[in-house]
Each structure stands twice: as structure tokens, then as C-alpha cells.
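Sequential numbering from 178 applies to the sequence shown in the numbering used here.
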Amino acid sequence: MSDDSTETLLEFPCEFPIKAIGHQSDDLSKMVYKIVQRHAPSISKTAVTTRASKNEKYLAITIIVPATSKAQLDAIYIDLSASEHIVMAL
């Protein structure tokens, strides 16, 4: 069994950008924020940026997460990917 330091090149704690892409909707940004906040309660609303696609069909939400471990980041990606509103999590 290995620890976080052997499974990733990241050094924790660190600021880590997570991007979620979904179909444009009024509440997509809030929904993504709530999912990430479950795993990173200290996250600030100012850590969130959004950008619409050229044809405005999709919305990309980037959140800078105060990451404390690989397990925390994995849990965020699992929850984002499980959401029917998210097309892709990067």
C-alpha cells in the first residue's frame, strides 16, 4: 500500500485548479461549487471563474481548490463525474 507522496507529483497542501464543463444553465456554477465545497469547506466563492463556450452551449467552471491530499482531489473528481449535469471534469 502506498501513501499520497508516491502516487502523485503534487506536494500538499497546494492550490489546485479543477475544471468542470456542463451544459449552460443558470445554476450550474452553484451546483459545481456545492460539490467541491463538500470536500474543501474552506473554499472561497472568489475562487470560482466561469467561461461560456463560443456558441454558449457549454459552461466551463474553474475552481481553485485548497487541496490537502490526493484522496481529496479524487473524491471531488468522482462526485463531479457522477453528476448528470457535468459533461467533463478536468
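Beta carbons are placed, not taken as given, at the ideal position from N, Cα and C, and that holds for glycine.
Express the C-alpha separation of I241 and P190 in angstroms, rounding to a whole number. Mapped onto the sequence shown, residue 190 falls at position 13. Mapped onto the sequence shown, residue 241 falls at position 64. Going by the C-alpha atoms only, they are around 13 Å apart.
Would the beta-carbon of I220 be found less than 7 Å away from any heavy atom of the ligand GDP? Among the components modelled here there is no ligand, and therefore nothing to report on the ligand GDP.
Using the C-alpha atoms, what's the distance from K231 back to Q214? Here residue 214 corresponds to residue number 37 of the sequence shown, with the count starting at 1. Here residue 231 corresponds to residue number 54 of the sequence shown, with the count starting at 1. Answer to the nearest angstrom: the Cα atoms are 28 Å apart.
If you run the structure through DSSP and keep just helix, strand and coil, what is E184? Start at 1 with the first residue of the sequence shown, and residue 184 comes out as number 7. Here E184 sits in helix by DSSP.
Minimum C-alpha distance to P194 - residue among T226, L186, E184: Numbered from its first residue, the sequence shown carries residue 194 at position 17. In terms of Cα proximity to P194, the closest of T226, L186, E184 is T226.
With a CB to CB cut of under 7 Å and the five nearest residues on each side skipped, what residues in its chain are close to I243? Working through the sequence shown from its first residue, we reach residue 243 at position 66. As written in the sequence, residue 243 is Pro, which differs from the Ile given in the question. If we look at P243 and ignore the five residues flanking it on each side, its Cβ neighbours are P190, E192, A217, S219, I220.
Can you give me the C-alpha to C-alpha distance between A252 and V264, rounded to a whole angstrom? The residue you call residue 252 lines up with position 75 of the sequence shown. The residue you call residue 264 lines up with position 87 of the sequence shown. Taking the straight line from one Cα to the other gives about 17 Å.
Where do the ends of the alpha helix (DSSP H) carrying H216 lie? Here residue 216 is taken as the residue at index 39 of the sequence shown, counted from 1. First-last of the alpha helix (DSSP H) with H216: 205-216.
Using the C-alpha atoms, what's the distance from A224 back to L236? Position 59 of the sequence shown holds residue 236. Position 47 of the sequence shown holds residue 224. L236 and A224 have their C-alpha atoms spaced approximately 16 Å apart.
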